[in-house]
Structure formats: C-alpha cells, structure tokens
Amino acid sequence: MLRLFVGLALPDGVIARLTVMCAGLPGARWVEPQKMHITLRFIGEVDEGDAEEVDARLAGVVAGSFSLELGGLGTFGAGAKARALWAGVGTSQPLCHLQAKVESAVVRAGLPPEGRKFTPHITLARLTRPQPARLQAFIEANNLFQAGPFSVDQFSLFESRPGNGGPVYIPLSDHKLIITVPGTKNII
C-alpha cells in the first residue's frame with residue numbers, strides 16, 4: 029500500500045522565509061522545511077494499481093502556470109483546541125481551477141471524492157494543547173507575514189512513507205503546467 033497526496037512544492041526562498049517564523053511557540057511540533065508544501069488533494073492509502081491509475085489521470089490534467097502569494101497565519105481549530113498552525117495562501121482562481129482538475133482526475137481514477145472544502149495553506153506546526161494566549165500572541169506577532177509572488181509551473185504526486193522522525197515525502201511524478209505568456213490568450 030502507498031500513502032499518497034498531490035501537492036505543490038515551494039521555492040527555497042519561500043521555505044526560508046517560512047522557516048524563520050518556526051520557533052518560540054510552546055506545544056508546537058514544527059514542520060521540517062523540506063516537508064513544507066501546499067496540498068491539492070490528500071489521497072491516502074491505495075494499492076499500486078490505484079496509484080498508477082491516479083498518476084495516469086493526473087498526467088491528463090491540463091492547466092496553465094500561475095503565480096501565488098502567501099500571507100497571514102491561522103489555525104485549524106481555535107484556542108486550546110487548535111490542532112495546526114498554518115500560513116495562508118492568497119486567493120487564486122488558477123489555484124482553485126488546478127485543484128478542481130486534480131480532484132476530478134482522482135475521482136476518475138476510481139477513488140471517492142474529497143469530503144472537505146479546499147482550503148489552501150502551508151502547515152507550519154502541529155499543535156498539542158496550545159496555550160491560547162501564547163498562540164494568539166504568536167499569530168499577532170507574525171500575521172503580517174507575506175511571501176511571493178512565486179511561479180507555479182508544476183504539481184506533483186507524492187508518497188508519504190513512515191520514518192524515524194515522522195513521514196518522509198517522496199515525489200513520485202511531476203506534472204508540468206502550460207507556461208502562460210502575459211498578454212496572450214491561452215485556452216485551457
């Protein structure tokens with residue numbers, strides 16, 4: 029069985045900017061820089077045949093390249109029940125378009141649709157019993173964070189393998205996006 033997800037890798041400069049914030053919050057288990065990404069679709073455990081079918085369907089996704097910007101921080105869950113700290117991804121119609129095409133490809137491969145609404149983000153930390161006041165102060169101190177714009181010209185199918193220090197993310201295949209040229213009309 030393979031544990032898979034589809035995501036966007038981040039440029040080194042963006043990862044470096046995010047990593048600077050990753051300290052000083054009790055109860056935070058910080059994501060290692062090489063594991064920072066934007067998830068387009070979590071797939072979960074599938075057999076090798078299903079993985080090959082997903083990859084074949086992803087190869088048929090046609091979408092244009094685009095730029096993204098990051099900004100602000102937030103949490104999944106609130107106060108003492110917050111379970112993750114994330115950096116926000118700016119509103120992007122091309123990102124949502126790509127995610128919808130990825131979702132459609134995964135469903136056409138025979139897997140069930142995702143039950144959750146797509147919320148683009150980069151997980152910075154998993155939280156264990158956070159102190160609400162400290163968490164709020166951390167967010168307020170870093171909420172003006174911004175990075176980008178940066179170019180997105182591919183997405184990847186990743187395998188998540190268990191490791192001693194947590195999961196290891198291995199890119200299985202990269203899928204190029206159509207390079208768009210400003211001032212021209214690209215039909216996708």
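Residue numbers (the numbering used here): 29 to 216. Ideal placement from N, C-alpha and C gives every residue a C-beta, glycine not left out.
Entirely within the segment 114–165 and at least 3 residues each: give me those beta strand (DSSP E) ranges in chain order.
149–155
Residue 100 bridges to which residues according to DSSP?
As a working mapping, residue 100 is identified with position 72 in the sequence shown. Its beta-bridge partners do not exist; DSSP assigns none.
When the distance is taken between beta carbons, is residue 36 closer than 8 Å to residue 71?
In the sequence shown, counting from the first residue as 1, residue 71 sits at position 43. In the sequence shown, counting from the first residue as 1, residue 36 sits at position 8. No, these two residues do not count as a Cβ contact at 8 Å.
I'd like to check one pair, residue 115 with residue 152: are the Cβ atoms closer than 8 Å?
To locate residue 152, count along the sequence shown from 1; it is residue 124. To locate residue 115, count along the sequence shown from 1; it is residue 87. Yes. Within cutoff.
Given that a residue counts as buried once 16 or more other Cβ atoms are within 10 Å of its Cβ, and exposed if not, what is residue 64?
Position 36 of the sequence shown, counted from the first residue, corresponds to residue 64. Classification of residue 64: buried, given that the 10 Å Cβ count is 16 or more.
Euclidean distance between Cα positions of residue 171 and residue 101
Within the sequence shown, residue 171 is the residue found at index 143, counting from 1. Within the sequence shown, residue 101 is the residue found at index 73, counting from 1. In a straight line, the C-alpha of residue 171 is about 5 Å away from that of residue 101.
Shortest alpha-carbon distance to residue 196 belongs to which of 178, 204, 61 and 164?
Looking up residue 196 in the sequence shown gives position 168. Out of 178, 204, 61 and 164, 61 has the C-alpha closest to the C-alpha of residue 196.
Residues sharing a beta bridge with residue 167, DSSP
Mapped onto the sequence shown, residue 167 falls at position 139. None; residue 167 has no bridge partner.
Could you give the distance in angstroms between the alpha-carbon of residue 59 and the alpha-carbon of residue 174?
The sequence position of residue 59 within the sequence shown is 31, counting from 1. The sequence position of residue 174 within the sequence shown is 146, counting from 1. Going from the Cα of residue 59 to the Cα of residue 174 covers about 18 Å.
When you compare the segment 75–84 with the segment 132–142, are there three or more beta-carbon pairs, one atom per stretch, that lie closer than 8 Å?
yes
Nearest to residue 203 by alpha carbon, out of 191, 188, 110 and 181?
For the purposes of this step, residue 203 is taken as residue 175 along the sequence shown, with counting starting at 1. Of the candidates 191, 188, 110 and 181, the one whose C-alpha sits nearest the C-alpha of residue 203 is 181.
To the nearest whole angstrom, what separates the beta carbons of residue 93 and residue 167, a pair I think is in contact under 8 Å?
Start at 1 with the first residue of the sequence shown, and residue 93 comes out as number 65. Start at 1 with the first residue of the sequence shown, and residue 167 comes out as number 139. Their Cβ separation, rounded to whole angstroms, is 32 Å, which puts residue 93 and residue 167 out of contact at 8 Å.
Could you tell me the distance, in whole angstroms, from the CA atom of residue 97 to the CA atom of residue 156?
Translated into the one-based positions of the sequence shown, residue 97 becomes position 69. Translated into the one-based positions of the sequence shown, residue 156 becomes position 128. So the alpha carbons of these two residues sit roughly 28 Å apart.
Grab me the residues of residue 53's own chain with a C-beta within less than 6 Å of its C-beta, minus the 5 sequence neighbours each way, in chain order.
Residue numbering aside, residue 53 sits at position 25 when the sequence shown is read from its first letter. Correct list, in chain order: 166.
Let's see if you can read the secondary structure: which residues bound the beta strand (DSSP E) around residue 71?
Here residue 71 refers to the residue found at position 43 when the sequence shown is read from its first residue. From DSSP, the beta strand (DSSP E) with residue 71 extends over 65–74.
Pull up the CB-CB distance for residue 179 and residue 199, whole angstroms please, since I reckon it's below 8 Å.
Residue numbering aside, residue 179 sits at position 151 when the sequence shown is read from its first letter. Residue numbering aside, residue 199 sits at position 171 when the sequence shown is read from its first letter. Not confirmed; about 18 Å, so no contact.
Cβ-Cβ separation, residue 176 to residue 90 (assumed contact under 8 Å), whole Å:
Here residue 90 refers to the residue found at position 62 when the sequence shown is read from its first residue. Here residue 176 refers to the residue found at position 148 when the sequence shown is read from its first residue. Contact flag wrong, Cβ pair sits at about 24 Å.
Could you tell me if residue 48 is buried or exposed, where buried requires 16 or more neighbouring beta carbons within 10 angstroms of its beta carbon?
Here residue 48 corresponds to residue number 20 of the sequence shown, with the count starting at 1. By the neighbour-count rule (16 or more Cβ atoms within 10 Å), residue 48 is not buried but exposed.
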